[in-house]
Amino acid sequence: MADRVRRLVAEGAILAFEARIDHAALGLHLQAYIDVKLKSGSNTREFEEIVKTIPGVLEVALLTGNYDGLLRVACKDQAHLLRLIDTLRDRAGVQDTYSRVILHQTPVSAPLSVTE
């Protein structure tokens, strides 16, 4: 098993080993998904770089469709979420947002089929 893991790391299939964080234990009891629409002419790569520096942003994905991006965020409460959305509008060139609070989330660790 250890040889296989070393090989997958060497081949670039395994990029990192990470800890799973309990955000609630850190006082971040509210998680949400935020769809973002960028202002006309905004650069998606610049948006991505700015968003990565905003505390509370856990993930950012660039999308096709009605919205340009999807963020997963962790906040203390609704007021904190509102401040984070205001920050997105002020600093990251966001024109419009659509937010959904996560009520419950279950991590899925299904095994992947890795060919030999």
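With the numbering used here, the residue at position 44 of the sequence shown is 37, and numbering never jumps.
Think of the CB as a built atom: it goes at the ideal place given N, C-alpha and C, for glycine as much as any other residue.
Just the C-alpha distance for residue i and residue j, rounded to the nearest angstrom, thanks.
{"i": "residue 145", "j": "residue 67", "result": "Coverage of the chain is limited to positions -6 through 109, which leaves residue 145 absent and any answer about it impossible."}
{"i": "residue 1", "j": "residue 48", "result": "32 Å"}
{"i": "residue 64", "j": "residue 27", "result": "5 Å"}
{"i": "residue 91", "j": "residue -1", "result": "42 Å"}
{"i": "residue 41", "j": "residue 82", "result": "13 Å"}
Are residue i and residue j close, meaning C-beta to C-beta below 9 Å?
{"i": "residue 85", "j": "residue 44", "result": "yes"}
{"i": "residue 79", "j": "residue 31", "result": "no"}
If you count every other CB in all the chains shown that lies within 10 Å of the CB of residue i, and 16 or more means buried, which is it?
{"i": "residue 111", "result": "Residue 111 lies beyond the range of the chain shown here (-6 to 109); nothing can be said about it."}
Mind listing, in chain order, the continuous beta strand (DSSP E) runs of no fewer than 3 residues lying wholly within the segment 31 to 91? 50 to 55 and 62 to 68
For the segment -6 to 4 and the segment 15 to 22, state whether three or more C-beta atom pairs, one from each stretch, are separated by less than 8 Å. Below 8 Å, too few C-beta pairs join the segment -6 to 4 and the segment 15 to 22 to call them touching: fewer than three.
query: Pairing CB atoms from the segment 39 to 55 with CB atoms from the segment 90 to 98, are three or more of them under 8 Å?
result: Taking a cut-off of 8 Å for Cβ pairs, the segment 39 to 55 and the segment 90 to 98 do not touch, as fewer than three such pairs fall below it.
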